[in-house]
Amino acid sequence: EPTLFSTTIMENIRFGKPNATDVEVMEAAKLAMAHDFIQLFPDGYQTVVGERGVTVSGGQRQRIAIARALLKNPSILILDEATSALDAESEKQVQSAINNVAKELVLFLKTGRTTLIIAHRLSTIRNADIIGVMLYGKLVEMGTHAELIAKKNGVYAELMRIQQSGIDIL
Numbered sequence: 007e008p009t010l011f012s013t014t015i016m017e018n019i020r021f022g023k024p025n026a027t028d029v030e031v032m033e034a035a036k037l038a039m040a041h042d043f044i045q046l047f048p049d050g051y052q053t054v055v056g057e058r059g060v061t062v063s064g065g066q067r068q069r070i071a072i073a074r075a076l077l078k079n080p081s082i083l084i085l086d087e088a089t090s091a092l093d094a095e096s097e098k099q100v101q102s103a104i105n106n107v108a109k110e111l112v113l114f115l116k117t118g119r120t121t122l123i124i125a126h127r128l129s130t131i132r133n134a135d136i137i138g139v140m141l142y143g144k145l146v147e148m149g150t151h152a153e154l155i156a157k158k159n160g161v162y163a164e165l166m167r168i169q170q171s172g173i174d175i176l
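Using our numbering, the first residue of the sequence shown is number 7, and each one after it goes up by one.
What follows is the structure in structure tokens.
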């Protein structure tokens with residue numbers, strides 16, 4: 007669960023880079039798929055989110071936190087179970103934000119980055135450049151989604167079959 011502070015959305019995102027301009031904050035929010043829902047609040051970016059972000063949904067909190075991380079521009083970004091507690095629609099929005107993190111960072115921030123995505127929901131990692139599959143604490147497979155799916159008896163392929171059948175693997 008991401009941490010939000012009892013202040014405005016603008017300040018929560020700006021916490022990642024205190025000297026950021028409003029335009030930079032809004033660009034980060036757009037990449038994080040947060041700008042549109044922020045604009046719907048009566049006070050927009052000046053909306054106070056309350057203690058730990060109680061006035062926004064889980065998916066909105068995640069996207070505000072992703073915007074903050076984008077603005078901070080760390081050389082390594084770790085997203086740990088970013089979609090695990092979300093409903094399907096919120097997961098879709100956060101997944102789009104994660105895809106933006108992976109695809110558009112070079113354009114927005116003019117720098118490369120290593121993004122480590124830790125997830126049990128395989129839809130979250132499907133578009134990753136490299137997927138590492140852990141089993142009992144050991145790395146057992148590594149490759150792209152297509153490469154790992156092609157291994158019919160592989161762990162990743164089996165997990166995909168299980169998740170596609172609707173069974174929760176957690």
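Using N, Cα and C, we set each Cβ at its ideal position, and we do this for glycine too. Note that the structure is predicted; figures quoted are calculated from it, not measured.
Paired residues, beta bridge with residue i - DSSP
i              : result
glutamate 147  : Val139
isoleucine 124 : Asp86
Residue i - containing alpha helix (DSSP H), residue span
i             : result
leucine 76    : 64-78
aspartate 28  : 28-37
isoleucine 15 : 15-20
glutamine 52  : From DSSP, glutamine 52 is part of no alpha helix (DSSP H); its letter is neither H nor E.
leucine 165   : 161-170
leucine 10    : Counting along the chain, leucine 10 falls outside any alpha helix (DSSP H), and DSSP gives it neither H nor E.
alanine 44    : According to the sequence shown, residue 44 is isoleucine rather than alanine. Unbroken alpha helix (DSSP H) run through isoleucine 44: 41-46.
Inter-residue CB distance, residue i and residue j (contact presumed, cutoff 8 Å)
i             : j             : result
leucine 145   : glycine 138   : 5 Å
alanine 73    : isoleucine 19 : 5 Å
alanine 26    : leucine 77    : 6 Å
isoleucine 38 : arginine 58   : According to the sequence displayed, residue 38 carries alanine and not isoleucine. So it is not a contact: roughly 19 Å between Cβ atoms.
Buried versus exposed call for residue i [16 or more other C-beta atoms within 10 Å across all chains shown]
i              : result
leucine 141    : exposed
glycine 65     : buried
glutamine 101  : buried
isoleucine 168 : exposed
arginine 67    : buried
isoleucine 15  : buried
aspartate 42   : exposed
glutamine 45   : exposed
methionine 148 : exposed
leucine 10     : buried
glycine 220    : Residue 220 lies beyond the stretch modelled for the chain, which goes from 7 to 176, so this question has no answer here.
alanine 40     : buried
leucine 122    : exposed
is_contact[residue i, chain D] using C-beta, thresh 8 Å
i          : result
valine 161 : Among the chains of the structure shown, chain D does not appear; only one protein chain is present.
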